[in-house]
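Asker: Next up is a structure, given as structure tokens.
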Amino acid sequence: MARRVDRPRRLKAARPPLEREFSAGGLVYQRRAGALAVVLAARRHPESGALVWTIPKGHIEPGESSEEAAVREVREETGLEAEAEARLGDITYWFARRDAGGRVVRVWKRVRFFLMRRRGGRFGDRDREMDAVRWFSLDEAERAATFENERMLMRRARTLLARE
Numbered sequence: 060m061a062r063r064v065d066r067p068r069r070l071k072a073a074r075p076p077l078e079r080e081f082s083a084g085g086l087v088y089q090r091r092a093g094a095l096a097v098v099l100a101a102r103r104h105p106e107s108g109a110l111v112w113t114i115p116k117g118h119i120e121p122g123e124s125s126e127e128a129a130v131r132e133v134r135e136e137t138g139l140e141a142e143a144e145a146r147l148g149d150i151t152y153w154f155a156r157r158d159a160g161g162r163v164v165r166v167w168k169r170v171r172f173f174l175m176r177r178r179g180g181r182f183g184d185r186d187r188e189m190d191a192v193r194w195f196s197l198d199e200a201e202r203a204a205t206f207e208n209e210r211m212l213m214r215r216a217r218t219l220l221a222r223e
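First residue of the sequence shown: 60, per the working numbering; consecutive thereafter.
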């Protein structure tokens, strides 16, 4: 008869709960006197106070398409009316936060970005959730953008706009 050897069970570490988030945003552009300009929005970093420049974006609301959400978020964060012309691409990333009960929650987030042409509006018409909004040349925007994955989208936009 085979002898059974009891081995201690490995305890699996409890993994934090997982959530998924979906957002959308738009790189708004305009041409004036032949010069190309794009809009970035910024919030102040909570610790350093430095402006964190990003492409305007936000959560997709129930019943909204990603394109509709991008148009709405651009309007809310910048005050500009814009029309989506092309999909620039998706950025996905992970982060962790604490829920209302103080538990750590892992979050997988996808943000879908569009290239958008300005149709009207002005910065003064925006919500005040962003600390700053301004026009940049595409070169300036690439230097100012905080995140490399958004700079990559700006390079893609440059390629698309060169075809016009």
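Note that beta-carbon positions come from the ideal geometry of N, C-alpha and C, so glycine has one too.
Bear in mind that the values here come from a model prediction, so they are computed numbers and not experimental data.
1. Would you call the CB atoms of L219 and A141 closer than 8 Å?
2. In the DSSP assignment, find the unbroken alpha helix (DSSP H) run with E201 in it and report its ends.
3. Where do the N-terminal and C-terminal ends of the beta strand (DSSP E) with E80 fall, by residue?
4. For a quick check, are the C-beta atoms of E135 and G84 less than 8 Å apart?
5. Report the rounded CA-to-CA distance for E78 versus V166, giving the unit in angstroms.
6. Counting pairs of Cβ atoms below 8 Å between the region 179-199 and the region 146-156, do you hit three or more?
7. For A109, does the three-state DSSP call read helix, strand or coil?
8. Do G180 and R147 have their beta-carbon atoms positioned less than 8 Å apart in this structure?
9. Is R210 near A204, with beta carbons less than 8 Å apart?
10. Going by C-alpha to C-alpha distance, which of V87, P76, F81 sits closest to L174?
Answerer: Concretely, from the data shown:
1. no
2. 197-203
3. 77-91
4. no
5. 5 Å
6. Because the criterion of three Cβ pairs below 8 Å is not met, the region 179-199 and the region 146-156 do not touch.
7. coil
8. Reading off the sequence shown, one finds Leu at residue 147, where the question assumed Arg. Pairing L147 with G180 gives a Cβ-Cβ distance that is not under 8 Å.
9. yes
10. V87
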